[in-house]
Amino acid sequence: MRILTFLLTFLSFFISFSQNYTYSDIPDELLVNADAVVRLDKMDVVVEARDQMTVTSIRVVTVLNENGNRFVHASAYYDDGHKIGSIEARIYDRNGEEVKKFKKKDFFDQSAVGGGTLYSDSRVMYMRYTPTEYPYTVEFTDSYVTTNTAFAPSWNFIDGYRVSTEQSEFNFTVNCGIPFRHKNLNLDAYSITVEVSDSELRSSGTNLKAFKSEPLSPSFQSMAPHIKLALEEFHLEGVDGTAKSWEDLGKWMYDKLLVGQGNLDEHTIQKVQELVKDLEDPRDKVSKIYQYVQDNTRYISVQLGIGGWMPISAIEVDRVKYGDCKGLTNYTMALLKAVGVESYYTVVHAGSRKRDLDAEFPSMQGNHVILNIPLDEDDIWLECTSQVTPVDHLGTFTDNRNVLRVTPKGGELIRSKQYLDEDNHQGSKGEYVVHENGRVTGKVTIASTGIQYYQKFRNGLKSEIEKEEYYKEYWNYVNNLTLGKIEFNNDKQNTVFVEEIEIEADNYLSNMDGKLFLAPNLYNRNLIVPERSRSRKTDLVISRGYLDEDEFTIHLPEGYQLENLMEPLKLETTYGSYEISLEQKEPGILVYKRKLLVKSGQYTKEDYKPYRDFRKQVARYDNSRIILTKL
Amino acid sequence: MKVRLLILLLVGTHLTQANEVKFGKVSEQEVAETQHHLEPDADAAILYKKERVFYNYNAEQGWSLTKEAHYRIKIYNKEGFSWATLQIPLYASQGDEEKIANVKGITFNMIDGKIVEEKLKKDGIFVEEVNKYRNKASITMPEVKEGSVLDIEFKVNSPLYWYMDDFRFQYSIPVNRVDLRLDIPQYFVFKRHSKGYYPIQFQQSRESRSINISYRTEDVAGKLGKTSRQSHNLSFYENVYEVQASDLPSMVEEEYTSNINNYRSAIKFELASTQFPNRPYKDYSLTWEGVAKSIYEYESFGTELRRENYYKDEVDQIIDGITDDREKAKLIFEFVQSKMNWNDYYGVTCSRDGIKKAFKEGAGNAAEINLMLTSMFRYAGLNANPILVSTRSNGIPLFPTTDGFNYVIAGMEVLDNVILFDATEKNTIPGVLPNRALNWMGRLVRKDGSSSQVELTPKKLSKEIHYVTATIHEDGSVDGKTRTQYTNQLALELRDKLEKTDEETYLENMENQHGEMEIDGYELKNKEQLEKPMIETCDFVKENQCEIIGQKIYFKPMLFLAESSNPFKMEKREYPVDFSFPRQKKYMISLTIPEGYKVESLPESAVVQLPENSGKFSFKVLSQGNQIRVNATTELNSAFFPVEYYDALKEYYKNLILKQSEKVVLSKV
């Protein structure tokens, strides 16, 4: 036996000795579009018990230039339930010679409280190293043991844009008989093998080329090869759970994380019942309660142990009047229950880039919680962390994606509120007077709904200086702009945000040989043209559409007339349409009308160029000018 | 007589009471208020901020500091909710650390016309170990709503008796009243500096204090090993500094401001000297000379600077046979620049690992790299000295303090001139520093510890010269060639940019920046020859450069190079404008017009000047046959414009843009 151990040690020693990280060994194809090359990324996960998982990894990265440093990942997170075993790093030069070694004590220890969170017990150990030359190679090995098996590691064969992978190996072993599920995503186009048995998954991939990021493309996640994994029975910070289906997982969340957290004291119950006593319609009750929550609470995030997944109790929130998304959502749910309105805690993956919870792959997913209130005709959605958002308004943070509604009966995967292209509307109605010296003075009223509401309604909260900055940026194509009175009307009932702004601009018109050049579109030019995308490889994605409709009345200076009337124009494309016209209403008064519709959708890569051409034309016509001549 | 005295006393106490703000005692008016009386826009305000600082002595631990703080914060609206959370940095230094204690808090709300209180409990207080240098306490208040008044009180105990954080009086929200008092034993002499737009007035007085000190002593001979406890009374006086200020307006950041904290009012206390009983007087810093001298005397500065052994052999080889001083300097600079890699840490002194290790590993902080460079210069017989610098992020060093400096560069004296060197970056050359170091004045320290000021803002103009040859086409498109030359700081900026992006992305950005331009045949010259100007050449095609209206073609003579947006859009400005370095842009453009067209009109020549010759724009367009020639120059001779010049600057840009927007008109022959 002793001999065998000796042999094994010797063997492993031999193997690690024979590693060769010479730069020149990297296949050329892996250097294309890459800032770093992952030479080896290997992880072994062993689930010993429902609450014990050991993870051992080795990661070797050759960094080609300064931008590649972000792929080294020589760091390890830890907390009470997640303990680092070994951790070590070695640095090699371009010839594969070792130049430096980091032992555990050489890693820098720091709290890992992220932005937006006030406190958590998460910490990180990371390597502080200043590269002395490029390329160089980092070999990072670490191991950890965790009690939390709810998040079985999923495996990415490619780490992001501008990094390639030479060798990737992932082995997942369950030694305690718990069934697990896996899902392969986007593996077909690569040399990746996956072998699966009841207790094991072994996968490996070689020579995976780097992705280049392209504008208006699908998310990296939806294109890159990866494997998702989930245990059907798991453990999370002291709580056991199961996840065979979304229904199961939701049931577990309800039973273990929510039940008992929704109690309120009698006094508060009476108070809110008093608030709604004259209201019949559940919609009105929801509005009243939401208003109460918005007026009385604020967002403060503290994540400790199970508190990362379980909301703090409604009683606690009621006392301190703050909480994170879980706490505030659960609190609102409790208050609604007190007034007889049923609502559901709903898990979502938030972010302006839409991301679905995977319908085919139930597992712990999502990073945020919102509230869903099913009513007969339609659902109402509440974002409980905001003090200013109107009832039933989700905005780009959580709109239109698969979310998990947690009910006493179990989880249900449903779609969050969707905004159609035309729902995201902006109507500008304006008037302006043109003076002979090139100056214009006028006033415009802009009404926005849908996503355009979401993008604007916070303008009302801006200080005078911020408003000045905002509108000078909004109309940055108008030089010498002076702003007059600015007024807002935030109609939360109908979710319409109305801005009324007076403006003046010197030298808006240019004068040449006694002729005045006037760009009639003073108030709403859309000059954004997507970047040129050489040899496009990915689909075109327009994630949200919108519709702008504008009408401006223009008063010409005394004694001037239009040299030639602008021909009405209409562009019709797959991606949207654009219409402009200019009419003389009566002598000296012109009416400019404009309509721009951009349609959301996923299009082919061949569509990118025509879409860009469409936007180029829009920008061009929005800038176009007419000539005024003196009578 | 007795009666009068009593009355006087009563009045006296009454007055002080009216003035005193007591924790937990808020007025109805404070809670009821819905808007700040001076800044109705404010989201929140600091109604009152009190800080008391005093010293303690204990025979085992020696001196320590206590800071007591009381904040009263008013929340006007939901945007102000972030002020309901206070974050207090706590410093740690080699095992000693500041500790927070006695945290108390009460939230006051007006409910149905009555003031309702809610106390802060333990679950609203967090202390986090950020890393070995720093901890952080966070306090978040309960029951916060629009209108809440928050009273927060805490103590910070610190064994770091020589260190006091700045006392800040101005924030991004208005401050109604500040009350600061420090009681400092005679043994410590602190230098006090106030900065910011609102000058802070001190009141200084003296009070006596005595403390009882008990300690163990060994018997005089020290042979019997006996100890006994003794105590004695130490009497001394304390310097009392008091500051009372009221109605300090809010201050927020603007564009082209180097560092807002240059302008916010604050007081800094820096230890200047100590004079303990039976100990020699020790001077830390008082004047810039003193600061420089004391930094020079640090082992991590002066001693490290004098080490030579670790590089001798290599430097000997490099300068072997070279006699010209400038050539020697250049070779040594290039050696350090290529060997050493900056670890992104500033620092006026070397790290604990020392300069030798930095050299061995090829990586170090700014002090290590540039002290090494200075040392090598000296070793090679050059007249070189280190220069202490405050980076832009550290603010302008308005008064002498040791932490007024946070960076080091090297300077070589040649005749009347000092050439500046910074080897932390790969693309700098002698005389060209990275942007972070271009901040006002540096302090050159000589071998004997004497020092003098050195201007860091370069005097030489950094130039960008555009040569364009292009042809205008009948369909409104333009094609041609450009050649652009960049020097000094502008060349450095471009080299750095090109290092961070690959060429393709850089070109895409350039195309997008100019609208619908397409670029071909891009070439770069002198990318590696840092001493030479960077030269970019390329061919371009741009559609829709010209407007075609009726039978005529209209275009800006500077084409896509014409500035179109005024960088100064705001009506008013509070702070000076800082461009980092003086610069010049020159344009030499020649255009060929399409056949069958003639020039109908050209923009008139013009010259626009900024006051006191600090800037100038000139513009000239000529035509001959089918050729148009444009000559334009914009020049900012000064990098720094006081706020009084804002209107002039704005007007200057307005005119510059108007001029550059004027069009050439071509009509059919």
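As you go down the protein sequences, you meet chains W and Z in turn. Here the first sequence is numbered in UniProt numbering, starting from 1 and rising by one per residue. Here the second sequence is numbered in UniProt numbering, starting from 1 and rising by one per residue. All C-beta atoms, glycine included, are put in the ideal place defined by N, C-alpha and C.
- If you look at tryptophan 83 (chain Z), you'll find it isn't in any beta strand (DSSP E); DSSP assigns it neither H nor E.
- At a cut-off of 7 Å, the C-beta of asparagine 526 (chain W) has no neighbouring C-beta in chain Z.
- Here DSSP, grouped into helix, strand and coil, assigns arginine 352 (chain Z) to coil.
- The closest CA to that of aspartate 51 (chain W), considering only W:Phe552, W:Glu422, W:Lys599, W:Gly241, is found on W:Gly241.
- The residue from Z:Val414, Z:Asn655, Z:Lys22 with its alpha-carbon nearest to that of asparagine 479 (chain W) is Z:Asn655.
- Runs of the beta strand (DSSP E) lying entirely within the segment 176-207 of chain Z and spanning at least 3 residues, in chain order: 188-195.
- Alanine 367 (chain Z) sits close to glycine 347 (chain Z), with the two beta carbons spaced by under 7 Å.
- Of the residues assessed, asparagine 278 (chain Z) falls on the exposed side of the cut-off, its CB having fewer than 16 other CB atoms within 10 angstroms.
- If you look at proline 374 (chain W), you'll find it isn't in any alpha helix (DSSP H); it sits in the beta strand (DSSP E) that goes 368-374.
- DSSP, read as helix, strand or coil, puts isoleucine 211 (chain Z) in strand.
- Note that the C-beta distance between valine 433 (chain W) and histidine 555 (chain W) is below 7 Å.
- Cβ contact annotation for arginine 353 (chain W) (same chain, cutoff 8 Å, sequence separation greater than five): Ser219, Ser543, in chain order.
- Membership of tyrosine 292 (chain W) in the alpha helix (DSSP H) is indicated by the continuous run 282-296.
- Within the same chain, Cβ atoms closer than 8 Å to the Cβ of tyrosine 344 (chain W) are found at Met333, Leu371, Asn372, Ile373, Pro374, Arg405, Val406, Thr407, the five residues on either side in sequence being excluded.
- DSSP places valine 63 (chain W) outside any alpha helix (DSSP H); the residue lies instead in the beta strand (DSSP E), whose first and last residues are 52-63.
- Apart from sequence neighbours up to five positions away, the residues of its chain that approach histidine 393 (chain W) with a beta-carbon distance below 6 Å are Thr495, ordered along the chain.
- Per the coordinates, the alpha-carbon of glutamate 662 (chain Z) lies some 8 Å from the alpha-carbon of serine 510 (chain W).
- Beta-bridge pairing by DSSP links glutamate 169 (chain W) to W:Lys42, W:Ser204.
- The C-beta of isoleucine 115 (chain Z) comes no closer than 7 Å to any C-beta of chain W.
- In the structure shown, arginine 544 (chain W) adopts coil according to DSSP, grouped into three states.
- Taking all protein chains in view, the Cβ of leucine 420 (chain W) is surrounded by fewer than 16 other Cβ atoms within 10 Å, so the residue is classified as exposed.
- At a beta-carbon threshold of 9 Å, the residues of chain W lying near methionine 570 (chain Z) are Ile465, Glu468, Glu469, Lys472, ordered along the chain.
- A straight line joining the alpha-carbon of threonine 537 (chain Z) with that of glutamate 558 (chain W) spans about 50 Å.
- With its beta carbon at least 7 Å from every one in chain Z, serine 543 (chain W) lies outside the interface.
- Secondary structure at arginine 279 (chain Z): coil, using DSSP grouped into helix, strand and coil.
- For methionine 412 (chain Z), the three-state secondary structure derived from DSSP is strand.
- Separation of the CB atoms of glutamate 360 (chain W) and lysine 183 (chain W) is rounded to 7 Å, and the pair is thereby assigned contact status at 8 Å.
- In the three-state reduction of the DSSP assignment, valine 116 (chain Z) falls in the strand class.
- The Cβ atoms of glutamate 237 (chain W) and isoleucine 178 (chain W) do not sit closer than 7 Å to each other.
- Between arginine 39 (chain W) and glutamate 195 (chain W), the gap from beta carbon to beta carbon reaches 7 Å or more.
- According to the DSSP assignment, arginine 90 (chain W) belongs to the beta strand (DSSP E) that extends over 82-92.
- Taking a C-beta distance under 7 Å as the contact criterion, threonine 633 (chain Z) and serine 623 (chain Z) do not qualify as a contact pair.
- Assigned with DSSP and collapsed to three states, aspartate 247 (chain Z) falls in strand.
- Residues of the segment 597-609 of chain Z with a Cβ closer than 8 Å to any Cβ of chain W, in chain order: Glu600, Ser601.
- In the three-state DSSP reduction, isoleucine 158 (chain W) falls in the coil class, being neither helix nor strand.
- For the set Z:Asp647, Z:Ala363, Z:Val577, the Cα lying nearest the Cα of serine 638 (chain Z) is the one of Z:Val577.
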